[in-house]
Amino acid sequence: SVRMFHILTLLRDLGHKVTFLPDNLGDIPPYGDDIRKRGIEFVHHPYCKSVRSYLEKHGQSLDVVILSRCDFARKHIAATRQFAPQSWIIFDTVDLHHLRLGREAELTKDPLIEATAAEKERQEFELIDEVDETWVVSHYEQQLLEAKRPHGSIEVVPTIVEVRGSDTPFSLRHDFLFIGSFQPSPNAAAVLYFAQDVLPEILQPLHGIRFYVIGGKA
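The C-terminal residue of the sequence shown carries number 1031 in the working numbering, and the numbering is unbroken.
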């Protein structure tokens, strides 16, 4: 979500007329106001009944449509092609879900997760074949997709964050901080691995170091 917020802001700063249409049509404070303050049109309930109805009414005026995340892209691509046939459609993967699930399957040896990963791979490659351009966040993912879809347009749009900096010099800093939601299981696995296998090694030379874990659904 932070990444998408910056993408919308950058597109607006480049002079494009940008419209943000969330799948749930929700205007959730303070995010809606943050978007509107940047001159981005924000379409939401009750002024819009559905993504399809918006596309049906305004699709002919759209030059580019970015469909973000696999499930939402699959949900809306047919209506986008139907009502905005002139538009350049971009599938923003955010991260390759099948790659993440595949790694989880390797770790857990769970056949259900393995089957889910295979189905997600089918869905993502189906989208890649259907859209005009695909965005990934790393060169590793780009190379992986280009090997399997050499004729596809695969571009890297990395994760974007605002670096505020710090007045505290490195020599005066201490402790470790992890920030992330625990809904994606790789975050939980990473924290457990660090706490069990890495942190004990660090605590020996660095006495009194703390490891702070912050995030939803912990």
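Idealized CB from N, CA, C, for every residue including glycine. Source: prediction; values computed, not measured.
| What are the boundary residues of the alpha helix (DSSP H) that Thr893 is part of? | Counting along the chain, the alpha helix (DSSP H) containing Thr893 begins and ends at Cys883 to Phe896.
| task | Go ahead and pull the three-state DSSP assignment for Thr921. | result | Reduced to three states, the DSSP call for Thr921 is helix.
| query | Below 8 Å between beta carbons: does that hold for Phe904 and Thr947? | reply | Against a cut-off of 8 Å, the Cβ pair of Thr947 and Phe904 comes out as a contact.
| query | Just how far apart, CA to CA, sit Asp942 and Gly965? | reply | The straight-line gap separating the alpha-carbon atoms of Asp942 and Gly965 is approximately 7 Å.
| field | Cβ-based burial, Lys933 [other Cβ within 10 Å; buried from 16] | value | Under this definition Lys933 is a buried residue.
| query | Do you know whose CA, among Ala930, Trp901 and Glu917, lies nearest His911's CA? | reply | Nearest of Ala930, Trp901 and Glu917 to His911, Cα basis: Ala930.
| request: Return the bridge partner residues of Tyr1025 from the DSSP annotation. | output: The partner list for Tyr1025 (beta bridge, DSSP) reads Leu990.
| task | Within 10 angstroms of the Cβ of Gly872, are there 16 or more other Cβ atoms? Answer buried if so, exposed if not. | result | Burial call: buried.
| query | Which residues bound the alpha helix (DSSP H) around Phe818? | reply | Boundaries of the alpha helix (DSSP H) around Phe818: Val815 to Asp826.
| Environment of Tyr867 [buried if 16+ CB atoms lie within 10 Å] | It counts as buried.
| request: Would you decide whether Phe833 is buried or exposed? Buried here means 16 or more other CB atoms lie within 10 Å of its CB. | output: Buried, because 16 or more other Cβ atoms sit within 10 Å of the Cβ of Phe833.
| message | Check for me: the beta strand (DSSP E) holding Ile967 runs from which residue to which? | response | Residues Ile967 to Val969.
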